[in-house]
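First comes the structure, then the notes that go with it.
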Amino acid sequence: MPADEGAVESVSGDLRVRQHPVLGDLPPTTEVTIYVDDRPIPARAGEPIAAALLAAGIRVCRTMPNRGRPRGPFCGVGRCTDCLMTVDGEPSVRTCVTPVRDGQRIVTQRGLGSWEEGTA
Numbered sequence: 005m006p007a008d009e010g011a012v013e014s015v016s017g018d019l020r021v022r023q024h025p026v027l028g029d030l031p032p033t034t035e036v037t038i039y040v041d042d043r044p045i046p047a048r049a050g051e052p053i054a055a056a057l058l059a060a061g062i063r064v065c066r067t068m069p070n071r072g073r074p075r076g077p078f079c080g081v082g083r084c085t086d087c088l089m090t091v092d093g094e095p096s097v098r099t100c101v102t103p104v105r106d107g108q109r110i111v112t113q114r115g116l117g118s119w120e121e122g123t124a
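Numbering (the numbering used here), first residue to last: 5 to 124.
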């Protein structure tokens, strides 16, 4: 199969690999909606938040405290902390190892983040 034929689904901004020559087809799962900076994003139940963001074309999770430089998923296993975001009011959540749940509210974290009032 040619590299551009069916390998990446780009309709509606979904960049997931749906068919892979070695791994096979993406298995079916429940589709859910998460909200990133108040924008609805389609996701697959249980996948890491960072995977849903990357599939939607979102590469920035947070900015650095000192100079505001953007950071995004790097290691994918929860060690580097570049994927930290505020999730449902809790700052500094490692999105590469945190599963998606329907209705989650996720905010791009500025610097170190802060607890939203009433969520602690």
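Even glycine gets a Cβ: it sits at the ideal position worked out from N, Cα and C.
Predicted model only: the values in this text are computed from it and were never measured.
Within 9 Å, strictly: CB atoms of residue i and residue j
i: residue 103; j: residue 80; result: no
i: residue 64; j: residue 75; result: yes
i: residue 43; j: residue 114; result: no
i: residue 109; j: residue 38; result: yes
i: residue 98; j: residue 85; result: yes
Cutoff 7 Å; reference residue i; Cβ partners in own chain excluding five residues on either side
i: residue 69; result: 115, 116
i: residue 111; result: 41, 89, 90
Nearest-angstrom Cβ-Cβ length linking residue i and residue j, presumed shorter than 8 Å
i: residue 27; j: residue 58; result: Residue 27 to residue 58, Cβ: 17 Å. No contact.
i: residue 54; j: residue 77; result: 4 Å
Top-ranked residue by Cα proximity to residue i, from the options
i: residue 47; options: 107, 111, 78; result: 107
Same chain, Cβ closer than 8 Å to residue i, neighbours up to 5 away in sequence not counted
i: residue 36; result: 46, 47, 48, 49, 104, 105, 106, 107
i: residue 101; result: 52, 81, 82
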